[in-house]
Structure formats: structure tokens, C-alpha cells
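Written below as C-alpha cells is the structure these notes are about.
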Amino acid sequence: MFAEVLVKANFGSALTYTISPKDYPRALVGSLVVVPFGQTTKFGLIIRLSKKRPPLKTKLKPVVKVLATNWITVESIALTIKISSLTHQPVSNILFKFVPSLLKKTNMDLPLPSQIRGKFDRYAIYNSLAERVKTYRNLSQRLTEVNQQVMIISPQSTHKLIKENLTDLDAVTVTNLNPTQENDVYIKWRKNYVKILIGTRKIIGWPAANLGLIVVDDVHNIAHQDEQRPYLDSSTLAWYRVKIEQTKLLIGASLPSLGLLQREQNKQIKRIKSKPRPPQIKLIKITSQLLARTTIEALNKAKTPLIIAPRTGFGGTLSCISCGWSLTCPKCDGNVNLIESKSFFNCLNCQLNQNTPSNCQSCSGHNLRSFGIGVDAIKEILQKHNINHATVGTEQALGLKHDLIVWSFADSTLLNPNLERPINFLAQIKEWAGRIPSVVQTLNLESKYWQILISEKPLYQLLAKRQQKNLPPFRQTLRIETKDLNKQASLVNKLKKEGLDITSSKIVNDRAIIELLLDSNQVSLVLAELSKVTGITIKVDSVINFASQSAKRRVNANRTYYRSLHSN
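Under this note's numbering, think of the first position of the sequence shown as 228, with each following residue one higher.
Put into C-alpha cells, the structure is as follows:
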């Protein structure tokens with residue numbers, strides 16, 4: 228008998244080993260084993276068995292020991308292979324992210340998981356956290372009564388609140404556990420001793436004995452996003468897992484994303500209706516003042532207010548109100564940070580320092596205004612008004628210990644080149660306004676973006692305009708990177724032969740980067756084709772004109788798009 232084993236090492240491909248007859252009963256797909264690796268031994272997972280010897284000339288070494296059968300399920304292996312094909316990352320790199328870091332327990336002979344009968348379903352609920360948790364509780368209670376498990380993926384800040392509402396159902400959180408404790412929870416979950424598991428995105432691949440439902444809550448939260456390869460967010464991972472395991476998925480948020488609305492229209496996801504709870508939001512228009520008088524009055528009345536700034540430092544950039552031009556670094560086109568009362572700027576990329584221009588570099592006008600002031604600038608204003616009890620920070624400072632949240636200069640985030648960012652930002656405002664009274668400072672009270680906080684109708688209008696203009700979620704950017712510079716020309720030729728829209732092909736920091744724009748229905752086909760190419764990494768994004776233009780022109784294009792789409 229021969230086994231293909233993924234080794235826990237910096238090695239991407241599976242290695243082939245022989246299995247002795249005494250280990251046949253325990254050497255199954257998903258078993259945890261110890262195998263020889265060079266002059267030492269390594270932990271590994273069996274992903275494939277075969278009675279036929281592979282066509283290898285080298286002498287095959289035997290598996291040293293089978294530690295545990297069914298350490299990971301066949302479904303989890305299938306999910307890993309699927310993610311590997313989508314992201315072009317080695318299977319082993321992804322698989323070992325799906326299990327705890329501590330692989331020492333040996334007494335783990337577990338039965339194979341039972342399959343849930345019936346076709347899989349995907350659902351969504353859009354409401355305040357309090358109303359969503361009520362739905363999670365009702366579903367969890369019904370599923371645990373029939374011995375099915377529920378996995379809830381949410382930001383760590385909400386784990387305590389969710390668990391408090393599920394206390395009598397014996398929910399377990401994977402929060403601030405050491406490796407031994409985490410491994411114990413993993414085993415209990417795998418054996419079906421734990422019915423409800425609450426954790427962050429890292430538990431999405433944990434195999435279950437009888438999984439009935441995966442919940443991804445507050446789906447817009449940055450905690451669900453992966454800034455490292457394979458770059459997939461929690462909802463995407465869960466989407467593929469429920470397809471493989473024939474189970475159910477519930478996505479929870481205060482607002483739907485345009486991608487979720489599109490899937491709802493295509494009948495790929497069904498909405499659970501619930502009584503909406505109006506958010507506690509007050510919109511305040513600002514003109515020349517950094518903090519409106521009404522905002523200052525609200526801050527003085529609050530005991531523990533929090534002011535959210537768009538960025539750290541003095542923050543902000545300089546923009547022309549007339550034409551939409553925005554100040555970027557003249558050397559590298561990078562984003563800049565205004566410093567010293569906005570008379571100088573510092574490039575966040577190349578650290579260039581220069582005087583800020585007195586007129587627009589595009590239309591020569593003098594109607595310049597700074598957008599998105601930072602943390603330090605707001606602190607200066609608070610000192611002038613003798614407000615010493617307020618906390619100032621970015622979105623990372625959000626927490627339940629405050630009694631008022633002020634979103635300062637919120638318009639700046641709506642101008643982000645990533646077209647998904649404005650909706651995510653609005654969802655975060657509405658999410659927190661469902662728990663804590665909130666004030667939003669804006670230059671334009673009539674913007675259709677702010678209307679989204681009250682009604683979903685503008686979202687459907689925005690989705691229709693995105694389709695008309697062939698923008699995300701109907702079109703996406705595919706970014707291909709490789710350290711092998713010799714592959715650049717052949718890849719470009721291959722993509723051109725397929726008739727694809729290549730927007731950029733360049734070398735940055737000894738890496739070849741190729742970017743192309745694709746219709747959404749092309750993405751999976753192109754990913755499947757590129758999965759045959761070795762030595763490349765791929766990222767799908769929702770940035771308009773991601774690299775076909777310089778950073779300066781890209782920001783201008785998005786600001787022009789924003790103004791044309793949301794002006795009255």
C-alpha cells in the first residue's frame with residue numbers, strides 16, 4: 228500500500244511513502260502520521276491511498292507511525308484542494324492552516340462524519356447584531372436538538388456577546404487559548420462533544436463530526452479578510468465548504484454587499500426576513516470646521532465618546548473640489564500624509580517631503596480642500612475645545628466600552644479606489660450604530676451613499692449602474708505575480724491568445740506583475756486555466772482601473788466616478 232502524505236514543512240507537494248501491513252487498518256485518508264523527512268521526521272497527513280506503486284525510480288521510505296485516524300475529514304481535504312486551485316498556493320500550506328498548531332495528541336480514533344441529507348442551502352440575514360443573534364440562537368437550538376453542530380465565525384470583539392446569548396446551549400469560544408487548550412477544543416469539536424463553536428476565521432477549516440450550519444457574522448468586518456496568501460475571506464471559504472459538505476451557510480451583516488445582492492437576484496442565496504431595528508445615526512454637515520458645533524455639543528454630553536478618523540497621523544490628502552484632482556507623490560504616485568498644518572506632505576511610500584501646491588495641478592484652480600483628517604489633527608481640535616475625555620483612533624479602536632461614536636470626515640472613505648470599500652464602510656457604521664449612538668460628519672448630506680444607511684433601495688440602483696458600466700461585482704481585476712521573470716512574456720502571450728484584457732505587465736521589486744480585467748463569469752475559467760502554471764500567485768480584487776493607470780489617475784478616476792454617480 229502506498230500513501231501520498233502532505234508534510235508539515237516548507238514544502239508544497241505531497242510525498243509518497245509505503246505503508247506496512249500492520250498499519251493498514253489505521254492508515255486512512257485524513258490520518259495523522261509521522262514520516263521520515265531527510266535526517267529527521269515530520270508530522271504529515273495522508274491525502275490519498277493507492278495499491279499501485281507510483282512511477283518513481285527512487286526507493287520509497289515507510290511511514291514511521293500512524294498517530295491518529297481521521298485527524299481531518301475527506302471534505303476538509305477537498306476544500307483545501309479547491310482553495311489551492313483557486314489561489315495557486317501549495318496544498319500543504321493551506322491544509323496546515325486548517326488544524327491547530329499543536330499536533331501531539333495520539334488518542335484520537337474518531338468515526339467518519341455523517342453526511343447531512345438534502346441539498347445544501349445558503350442564506351443571509353441583514354439586521355442589527357441583536358436581531359441576528361436571536362436568529363442564530365433559534366437555528367442553533369433546533370440543530371443541536373437533532374445532534375448537528377453549528378460553527379459561528381465572527382470578529383473576536385463579538386464572541387463574548389454571542390456566547391452570552393447561547394450560554395444554555397453550551398457554546399464554546401476559541402478565544403485567547405494556548406495551543407494545548409485550542410487542541411483540546413479541536414478534539415472535542417471533532418468528536419461532536421462541542422455542539423456550537425464560536426471563533427475567528429482560523430477555525431473555518433476545522434473538521435466536524437456532524438456539521439449542520441456555518442454562520443459568518445458581520446461579514447464586512449476586516450477581521451474576516453486575509454491579507455496574506457491565499458487572500459480569501461471567511462465567507463468565500465465557507466461558501467466553498469458548504470458546497471463540498473452539502474451543509475448550510477448563513478451570512479449575517481447590517482447591510483448586504485453588492486456581490487450578495489447579485490447572488491440573491493441570481494437565486495444563489497436566500498434572505499431570511501426579520502424585523503429591522505433602525506440604527507441610532509445622526510448625519511451632520513460640515514463646511515470649513517473640522518468638528519461641527521453640533522458634534523462638539525454631543526461630545527461634551529457623552530461620558531466615553533470615540534472619534535473615528537480615516538487615518539493615523541495628521542492624515543488626509545489635498546483634493547480639488549472643481550475637477551476631482553487629488554494630491555499624490557510626484558515621485559512614486561503613492562499616497563501622501565499632510566503634516567505641519569497641511570503646508571507640507573510626506574509620501575507614505577517613498578518618504579518624500581515637499582511643500583503642498585497652492586493650486587490644482589490639473590485645472591489650475593484654487594478650490595483645494597483637505598479630505599480625511601487624521602488622528603493627530605482631531606486631537607489638536609479637541610484640545611482647543613477643552614475636550615479631554617474623548618478617545619480618538621481609526622476603525623481599529625472600535626469597541627463596546629463607548630457611549631458615542633463620531634465618524635469624522637466620513638466622505639474620504641467613500642472615495643477609496645477599491646469599489647467594495649465604501650459599502651463595507653457604510654456597513655460598519657450601521658453595524659455599530661445598532662449598538663451605540665453614532666454621529667456621521669459629511670460634506671454632502673444628499674449623497675446617495677448615506678441614504679443606504681436608511682434604505683436598501685439605493686443599493687439596488689447602484690448595482691444596476693455597476694452592471695451598466697461593467698464594474699464590480701460584474702467585473703474584477705486579476706493580479707498575477709511571479710518571481711520567475713522569464714515567465715512574464717510567455718504568460719502575457721498566453722493571456723493575449725485567450726483574448727483577455729491585459730491592463731498592465733511590469734516588474735516591481737524583482738517580481739513580474741501582470742494584471743487583467745475580467746467579467747465575473749470569466750474569473751473561475753481563467754483561474755482553472757492558470758492552475759496548470761507553476762510558480763505564480765494570484766489575487767482577485769474589486770479595484771477599478773487597478774493598474775492600467777498611475778495611482779494618481781486611478782484615484783482621480785474613482786473620484787470622478789463617485790461624483791457622477793452620487794451627485795444630484
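Glycine is no exception: its CB is placed at the ideal position from the N, C-alpha and C atoms. As the structure is a computational prediction, the values presented were derived from the model and not from experiment.
Query: Roughly how many angstroms separate the alpha carbons of lysine 606 and histidine 593, rounded to a whole number?; Result: 28 Å
Query: Determine which residues share a DSSP beta bridge with proline 263 and list them.; Result: Thr268
Query: So, helix, strand or coil for valine 735, using DSSP?; Result: strand
Query: Helix, strand or coil for glutamine 581? Go by DSSP, reduced to three states.; Result: strand
Query: Thinking C-beta only, is isoleucine 273 closer than 8 Å to leucine 255?; Result: yes
Query: Please check the pair leucine 743 and leucine 757, which I expect to be a contact at CB under 8 Å, by giving their CB distance rounded to whole angstroms.; Result: At roughly 11 Å, the Cβ-Cβ gap does not stay under 8 Å, so leucine 743 and leucine 757 are not in contact.
Query: Taking the continuous beta strand (DSSP E) assigned at phenylalanine 229, which residues delimit it?; Result: 229 to 234
Query: Which runs of the beta strand (DSSP E) at least 3 residues long sit entirely within the region 649 to 675? Give them in chain order.; Result: 665 to 669
Query: So alanine 480 packs on tyrosine 353, CB below 8 Å; how close in whole Å?; Result: 6 Å
Query: Considering only residues of the same chain and omitting the five flanking positions on each side of tryptophan 659, which have a CB-CB separation below 7 Å?; Result: Leu625, Ile632, Ser665
Query: Hey, out of Leu754, Ser355, Phe701, whose CA is closest to leucine 482's CA?; Result: Ser355
Query: Does the contact criterion of 3 or more C-beta pairs under 8 Å hold for the region 559 to 567 versus the region 524 to 536?; Result: no
Query: Can you tell me whether glutamate 472 is buried or exposed? The criterion is at least 16 other CB atoms within 10 Å of its CB, across all chains shown.; Result: buried
Query: Say whether chain B places a C-beta atom closer than 8 Å to the C-beta of asparagine 713.; Result: Among the chains of the structure shown, chain B does not appear; only one protein chain is present.
Query: Report all residues from its chain with a CB closer than 6 Å to the CB of valine 307; omit the five preceding and five following residues, and keep chain order.; Result: For the sequence presented, residue 307 should be read as threonine rather than valine. Same-chain partners within the cutoff: Val318, Ile321, Leu322.
Query: Which residues bound the beta strand (DSSP E) around tyrosine 244?; Result: 242 to 245
Query: Going by other Cβ atoms of all chains shown within 10 Å of its Cβ, with 16 needed for buried, is isoleucine 681 buried or exposed?; Result: exposed
Query: Among Val234, Pro248, Thr555, which has the Cα closest to the Cα of valine 260?; Result: Val234
Query: Output needed for serine 247: all residues of its chain with C-beta closer than 7 Å, excluding positions within five of it in sequence on either side, in chain order.; Result: Pro289
Query: Taking C-beta to C-beta, are isoleucine 765 and glutamate 622 nearer than 8 Å?; Result: no
Query: Going by DSSP, name the residue or residues bridged to serine 277.; Result: Phe229
Query: Between the Cα of threonine 394 and those of Leu487, Asn403, Tyr413, Ser367, spot the shortest distance and give me the residue it belongs to.; Result: Ser367
Query: Please list, in chain order, all residues of the same chain as proline 351 whose beta carbon is under 8 Å from its beta carbon, the five residues on each side excluded.; Result: Rather than proline, the amino acid found at residue 351 in this sequence is alanine. Taken in chain order, the residues that qualify are Leu477, Ile478, Gly479, Ala480, Pro483, Leu487, Glu491, Ile496, Lys497, Arg498, Ile499.
Query: Between threonine 669 and asparagine 582, what straight-line distance do the alpha-carbon atoms span, to the nearest angstrom?; Result: 27 Å
Query: Is it the case that the Cβ atoms of asparagine 419 and asparagine 392 are separated by a distance below 8 Å?; Result: no
Query: Whole angstroms is fine: what's the gap from valine 293's alpha carbon to valine 667's?; Result: 59 Å
Query: Would you kindly work out how many angstroms separate the C-alpha atoms of asparagine 643 and proline 584, rounded to a whole number?; Result: 22 Å
Query: DSSP on glutamate 683, reduced to helix/strand/coil?; Result: coil
Query: Taking lysine 675 as the reference, which of Asn580, Asp638, Trp466, Gly439 has the closest Cα?; Result: Asp638
Query: Considering only their Cβ atoms, is the gap separating isoleucine 740 from arginine 693 smaller than 8 Å?; Result: no
Query: Could you round the C-beta distance between serine 589 and cysteine 547 to whole angstroms and report it? I think they count as a contact, below 8 Å.; Result: 7 Å
Query: Excluding the 5 residues preceding and the 5 following valine 373 in the sequence, name in chain order all residues of the same chain whose CB lies nearer than 8 Å to its CB.; Result: Gly439
Query: How many angstroms separate the CA atom of cysteine 574 from the CA atom of proline 537?; Result: 17 Å
Query: Who are serine 553's beta bridge partners in DSSP?; Result: Ser546
Query: Hey, how far is the Cα of aspartate 630 from the Cα of alanine 716?; Result: 57 Å
Query: For a test of the three-state rule: what should DSSP assign to threonine 621, helix, strand or coil?; Result: coil
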